[in-house]
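Below is one structure, written out as structure tokens; the observations come after it.
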Amino acid sequence: MNNSDAIDLASMLCSRLCHDMLSPVGALSNGLELLAEEKDPEMRQRCFELLEQSARISADKLKFFRLAYGAAGGFGDAVDVSEAKAVVDALAGDAKRVEVNWALSESHLPKPAVKVLLNFAHIGIDSLVRGGTLDIGAEIRDGASEIVVRAAGAKVAFDESIGAALEGNLPRENLSSRTAAAHLLYLLADHAGGGLQYKLTGDALVLGAVLPNG
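Position in the sequence shown counted from 1, then plus 312, gives you my numbering.
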């Protein structure tokens with residue numbers, strides 16, 4: 313990746329993060345405006361509840377962004393999987409109608425593996441437009457982190473350009489803020505000497521990764 317590509321990717325990722333934060337932050341702003349004008353006690357209580365919900369969702373998204381895209385410097389070379397679980401469970405709770413099942417054999421995973429796990433989980437949650445189950449598994453075997461995420465539900469919506477970006481098959485000119493995170497995961501896996509793959513069926517999306525632990 314040359315300097316121009318790196319700048320473009322950073323810009324696309326920033327656009328994606330701003331897009332994801334716009335709704336909950338906008339709801340906070342609207343809620344404050346309503347609260348300033350509302351006199352009825354019951355309606356004011358409702359405004360407080362909406363503000364609390366929007367603030368929680370904003371905080372959950374920021375925690376996700378920190379671990380999924382940031383350096384997460386306070387965690388050292390490995391991240392406690394309980395941190396990742398808490399973030400994903402919060403996102404699934406905000407999305408509603410998504411049940412998360414965990415199968416983690418490790419207490420800690422390398423940072424790159426955690427980034428992949430979190431992004432896979434986010435992709436899975438986004439695909440379950442009518443709710444469903446999200447099964448997440450991870451283990452370290454033969455010196456590599458192996459991750460699998462399966463999203464299953466009545467309707468699974470998945471843009472296969474994201475899948476192409478994950479596998480490194482998306483043409484550079486087709487990269488966008490929608491596919492930038494997937495392309496970042498491909499670069500991360502490629503740098504580690506590993507790979508990503510996906511499988512989409514009528515009622516399930518399966519995402520897999522193998523990342524050598526260097």
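All C-beta atoms, glycine included, are put in the ideal place defined by N, C-alpha and C.
Between residue i and the rest of its own chain, which residues show a CB-CB distance below 7 Å, the 5 nearest in sequence each way excluded?
i, result
"A396", "L379, V426, L429, L430"
"D332", "K373"
"A464", "G444, T445, D515, A516"
"S473", "L482, N486, T491"
"V412", "V400, D401, A404, L446, I448"
Along the chain, where does the beta strand (DSSP E) that runs through residue i open and close?
i, result
"E411", "410 to 416"
"K511", "507 to 512"
"D392", "390 to 392"
Distance, Cα to Cα, residue i vs residue j?
i, j, result
"H495", "Q357", "44 Å"
"G505", "P524", "6 Å"
"V393", "L421", "7 Å"
"Y381", "L499", "13 Å"
"E418", "N486", "37 Å"
"G343", "E350", "10 Å"
Tell me which residues share the same chain as residue i and place their Cβ nearer than 8 Å to its Cβ, disregarding the 5 neighbours each side in the sequence.
i, result
"L403", "D372, K373, F376, A433, H434, I437"
"S370", "M333, P336, V337, L340"
Which same chain residues end up closer than 6 Å to residue i when comparing Cβ atoms and leaving out the 5 residues on each side of it in sequence?
i, result
"A415", "G449"
Taking residue i as part of the alpha helix (DSSP H), name the residues at either end of that continuous run.
i, result
"V518", "First-last for V518: 516 to 524, but that is the beta strand (DSSP E), not the alpha helix (DSSP H)."
"L430", "423 to 439"
Quick one: what's residue i bridged to in DSSP?
i, result
"G449", "A415, V460"
Start-end ranges of the beta strand (DSSP E) lying completely within the region 453 to 498, minimum 3 residues: 456 to 464
Contained alpha helix (DSSP H) runs [length at least 4] in the region 313 to 399, N- to C-terminal order: 315 to 349, 353 to 380
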